[in-house]
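Letter by letter, the sequence shown follows residues 1 to 355 of the UniProt record's numbering.
Report on the following structure.
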Amino acid sequence: MITFAIVLSVILLLVILFLLFRIGTLASIFRGSTKRAIGTTKTSNRVNGTLLLLFLIGGGAAFFWSFADSWDTMNQPLASVHGEWTDSLFWTTMIIIGIVFVITQVLLFFYSYKYQHKDDKRAYYYPHNNKLEIVWTMIPAVVMALLVFAGWKTWTKITSEAPEDAVVVEVMGKQFNWMVRYPGPDGKLGTANYKLIDATNEFGVDFSDKNSMDDFMPREIHVPKGKPVLLKIRSRDVIHSVFLPHFRLKMDAVPGMPTKFWFVPTKTTAEMQNETGNPDFKYELACTEICGRGHFAMRFILVVDEPEDYEAWLATQKPFIQENPDLLAKFSTDSQKQLVVEKKEEKAEEVKTEL
């Protein structure tokens, strides 16, 4: 903050000096002093040209310093397959645009200094050049077309259909927290209806659907390393946005319009803790769409496990309806019968195990 305040103060000082010189020039013209006005213009041009050149040098140095200082913060460790595509596209675009930016800004500020007012110089009249117009129109057009095509190609790969064996996780945002739901052993999520939402059944799951009977809702997202994960995303109230920076994953959660995003994690939480040297490191799902006063609180932990650890965690999860059996009273007797059958089967398995 102190550095920013100093830079801002210097910029404001330069602006004030510039305005003072302009005021002096205009005042001379209004008083009819042509010689003084010309002299003031020459001085003003010389001072402005020098200040602009200094600003180029100082501003360029500050830019590169801030870029280097923020490098680690900008470049979060990468932990997904498609994140490599995203990073490659991003840095290709940044390098091309950065080169053009540096060239144009250097020429702009340097020319302001070099071609300041001089009594013995006159501007060269150069009205038009068709070849030059074609060159500086076609080159940017071709470069931008290639960047757009590369972006479209990457986006197509990222948003393609998820593999059939993908781990499915439903993520729902609401003011002001995230909720997740997994399909049970049947691999199918039960249907949901907003009319069924209440204090307990916050997803609005329809437990008259037999596919809902084994769905579970953990307090953390767990996914296996090296396997595709499909996030089915929706919102219960306003627009939210699912953001997992280490996976380069971002997708809006829009009420009434389900979205999705799939990725393949490449580093477990433990591996990332070792890589970052931070034993408390955790992957975090954050909301990047300002959605109200409690927006800052929309955080959810995601854990990447080794496949065998993920299977062990999966085996410990209990269906939501088993933890909240009172919900069955609101649904059909078929659901109740299904639950009774499953409980009997579980008891039978326990008895077999004991024997």
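Note that CB positions come from ideal geometry on N, CA and C, so glycine has one too.
Since the structure is predicted, the reported quantities are computational estimates derived from the model, not experimental observations.
Measuring CA to CA, which of the options is closest to residue i?
| i | options | result |
| --- | --- | --- |
| aspartate 186 | Trp313, Leu53, Ser212, Asn129 | Ser212 |
| serine 80 | Leu249, Thr191, Ile301, Asn45 | Leu249 |
| phenylalanine 296 | Glu271, Leu285, Leu231, Met138 | Leu285 |
| valine 106 | Arg219, Phe55, Ile239, Lys227 | Phe55 |
| leucine 19 | Glu161, Asn45, Thr73 | Asn45 |
| tyrosine 283 | Leu78, Val47, Ala61, Phe331 | Leu78 |
| lysine 260 | Val168, Lys210, Gly60 | Val168 |
| proline 245 | Thr266, Thr156, Ile321, Gly83 | Gly83 |
| leucine 147 | Lys267, Asn201, Thr73, Trp91 | Trp91 |
| glutamate 323 | Trp136, Thr191, Asn201, Thr86 | Asn201 |
| glutamate 164 | Pro228, Phe281, Phe67, Phe64 | Pro228 |
| isoleucine 321 | Glu311, Pro218, Ile103, Met251 | Pro218 |
| threonine 86 | Lys131, Phe67, Trp152, Tyr126 | Trp152 |
| threonine 156 | Pro325, Lys267, Trp262 | Trp262 |
| arginine 293 | Val238, Val15, Ile158, Met94 | Val238 |
| proline 265 | Ala166, Thr137, Tyr124, Val10 | Ala166 |
| asparagine 301 | Thr316, Ala315, Thr269, Tyr310 | First, the residue type needs correcting, since residue 301 is isoleucine and not asparagine in the sequence shown. When only C-alpha atoms are compared, the closest one is Thr269. |
| alanine 253 | Met298, Phe281, Gln273 | Met298 |
Give the DSSP-derived three-state secondary structure of residue i in the structure shown.
| i | result |
| --- | --- |
| phenylalanine 64 | helix |
| asparagine 324 | coil |
| serine 235 | strand |
| threonine 82 | Before going further, note that residue 82 is histidine rather than threonine in the sequence given. If DSSP states are grouped into helix, strand and coil, histidine 82 belongs with the helices. |
| arginine 219 | coil |
| alanine 37 | With a pLDDT of only 48 at alanine 37, under 50, the local geometry of the prediction cannot be trusted, and the value read off the model is given with reservation. Alanine 37: helix per DSSP, three-state reduction. |
| leucine 189 | coil |
| serine 241 | strand |
| methionine 257 | strand |
| arginine 46 | helix |
| proline 77 | coil |
| leucine 17 | helix |
| isoleucine 6 | helix |
| aspartate 214 | coil |
| aspartate 198 | coil |
| proline 228 | coil |
| aspartate 69 | helix |
| tyrosine 209 | It should be pointed out that residue 209 corresponds to aspartate in this sequence rather than to tyrosine. Coil. |
For residue i, count neighbouring Cβ atoms within 10 angstroms of its own Cβ and tell me buried if that reaches 16, exposed if not.
| i | result |
| --- | --- |
| lysine 174 | buried |
| isoleucine 233 | buried |
| tryptophan 71 | exposed |
| proline 224 | buried |
| glycine 58 | exposed |
| asparagine 75 | exposed |
| isoleucine 6 | exposed |
| leucine 8 | exposed |
| alanine 162 | buried |
| alanine 61 | exposed |
| histidine 128 | exposed |
| aspartate 209 | buried |
| lysine 118 | exposed |
| glycine 256 | exposed |
| phenylalanine 247 | buried |
| glycine 190 | buried |
| serine 66 | exposed |
| valine 10 | exposed |
| serine 235 | buried |
| aspartate 267 | The sequence shown places lysine at residue 267, rather than the aspartate named in the question. Looking at its Cβ environment, which holds 16 or more other Cβ atoms inside 10 Å, lysine 267 is buried. |
| alanine 192 | buried |
| proline 258 | exposed |
Quick one: does residue i have its CB under 8 Å from some CB of chain B?
| i | result |
| --- | --- |
| threonine 316 | Going by chain labels, chain B is absent from the structure shown, which holds only one protein chain. |
What whole-angstrom Cβ distance do residue i and residue j have, given they're in contact under 8 Å?
| i | j | result |
| --- | --- | --- |
| tyrosine 182 | aspartate 215 | 7 Å |
| valine 303 | isoleucine 221 | 7 Å |
| threonine 154 | leucine 89 | 5 Å |
| phenylalanine 243 | cysteine 287 | 7 Å |
| methionine 179 | phenylalanine 149 | In fact, because the Cβ distance is near 39 Å, the residues do not count as touching under 8 Å. |
| phenylalanine 176 | leucine 328 | Phenylalanine 176 to leucine 328, Cβ: 30 Å. No contact. |
| glycine 226 | proline 307 | 7 Å |
| leucine 230 | valine 171 | Not quite, the Cβ-Cβ distance comes to about 10 Å (not below 8 Å), so this is no contact. |
| glutamate 275 | histidine 240 | Actually they do not touch by this definition, with Cβ atoms about 29 Å apart. |
| glycine 49 | tyrosine 126 | At roughly 21 Å, the Cβ-Cβ gap does not stay under 8 Å, so glycine 49 and tyrosine 126 are not in contact. |
| leucine 53 | phenylalanine 110 | 7 Å |
| isoleucine 96 | valine 143 | 6 Å |
| tryptophan 313 | aspartate 305 | 6 Å |
message = Ignoring anything shorter than 3 residues, give me the beta strand (DSSP E) runs that lie fully in the region 92 to 179, in order along the chain.
response = Look at the region 92 to 179 and you find these whole runs of beta strand (DSSP E), each 3 residues long or longer: 167 to 174.
ask   = Could you give the uninterrupted runs of the beta strand (DSSP E) lying entirely in the region 261 to 335, keeping only those of 3 residues or more?
value = 283 to 287, 299 to 305
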